[in-house]
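Number of protein chains: 2
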Amino acid sequence: MTVESGQAFAHAGDIPWQDLGGGVRRRILCWDDALMMVEVAFEAGAVGALHSHPHRQASLVRSGRFRLVIDGATRDLGPGDVYFVRPDLPHEALALEAGVLLDVFTPARQDFL
Amino acid sequence: MTVESGQAFAHAGDIPWQDLGGGVRRRILCWDDALMMVEVAFEAGAVGALHSHPHRQASLVRSGRFRLVIDGATRDLGPGDVYFVRPDLPHEALALEAGVLLDVFTPARQDFL
Numbered sequence: 153m154t155v156e157s158g159q160a161f162a163h164a165g166d167i168p169w170q171d172l173g174g175g176v177r178r179r180i181l182c183w184d185d186a187l188m189m190v191e192v193a194f195e196a197g198a199v200g201a202l203h204s205h206p207h208r209q210a211s212l213v214r215s216g217r218f219r220l221v222i223d224g225a226t227r228d229l230g231p232g233d234v235y236f237v238r239p240d241l242p243h244e245a246l247a248l249e250a251g252v253l254l255d256v257f258t259p260a261r262q263d264f265l
Numbered sequence: 153m154t155v156e157s158g159q160a161f162a163h164a165g166d167i168p169w170q171d172l173g174g175g176v177r178r179r180i181l182c183w184d185d186a187l188m189m190v191e192v193a194f195e196a197g198a199v200g201a202l203h204s205h206p207h208r209q210a211s212l213v214r215s216g217r218f219r220l221v222i223d224g225a226t227r228d229l230g231p232g233d234v235y236f237v238r239p240d241l242p243h244e245a246l247a248l249e250a251g252v253l254l255d256v257f258t259p260a261r262q263d264f265l
């Protein structure tokens, strides 16, 4: 975690990835206690297993193709498409192709720090 | 503004742009009162003039090249780079090339609705 809270600028090439296993890597792009922007890279077939959290989440598909399930509703999304997860809704993501999600949370995911 | 508050999914191709003039277009991708994700497209040379707001902002350069000034500090950013604007800090963006910024706010920019 090399990006400081409230840091004004960050170049993508300077931010290291954390390997989460199972074909998933994550890095924190910028954040403070109230807002956090994160990138998550998936190999084809990798899964963000069903989970929920009290944080609101807005996400954008940066690349690849994903099958999202939010509170039981399923949708396949591609580059530029977005999804929004209200607090405590169960959701999961399956990478139909290798790709990258941009996840934004309010408040910050302190569990990622 | 065709995306409802808390709407779970949106396909980028379904969301219309709003022309703000001066070579700048904007569209709201997803939002609720606490979190809003917005895309802003700039023609080369277009400017998001110096301004400030009490909302926290996290932004990612989706494409193009931008000169950012945040609270007097200047940085040129390209695709994948990010910047973070703490509440009430003055900031501006100049498009060195045509490009698109992804801006995220907490709370939502009610003035965009």
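Top to bottom, those sequences are chains S and D. Add 152 to the 1-based position in the first sequence for the numbering used here, that's all there is to it. Add 152 to the 1-based position in the second sequence for the numbering used here, that's all there is to it. C-beta: ideal position from N, C-alpha, C; glycine also.
Burial check for L172 of chain S: the Cβ neighbour count within 10 Å stays below 16, so the residue is exposed. A contact is defined here as three or more CB-CB pairs under 8 Å, and the segment 218-232 of chain D fails this definition with respect to the segment 166-185 of chain D. Ranking S:G251, S:E195, S:E244 by CA distance to the CA of A160 of chain D puts S:E244 first. In this structure, R219 of chain D lies near L246 of chain D, with their beta-carbon atoms less than 8 Å apart. If you check the CB distance, G175 of chain S and G197 of chain S come in under 8 Å. The beta carbons of S215 of chain S and G251 of chain S sit closer together than 8 Å. In this structure, the alpha-carbon of E156 of chain D lies about 24 Å from that of H203 of chain S. Leaving aside the five residues that flank S211 of chain D on each side, the residues in its chain whose CB is nearer than 6 Å to its CB run, in chain order, Y235, L253, D255.
Cβ proximity to chain S below 7 Å picks out G158, Q159, A160, F161, A162, H163, A164 from the segment 155-168 of chain D. Just so you know, the alpha carbons of L248 of chain S and V192 of chain S end up roughly 14 Å apart. If you check the CB distance, D185 of chain D and P239 of chain D do not come in under 8 Å.
Burial check for A201 of chain S: the Cβ neighbour count within 10 Å stays below 16, so the residue is exposed. Proximity of chain D to I222 of chain S at the Cβ level (cut-off 7 Å) is accounted for by A160, in chain order. In the DSSP secondary-structure assignment, E244 of chain S is bridged to S:V221.
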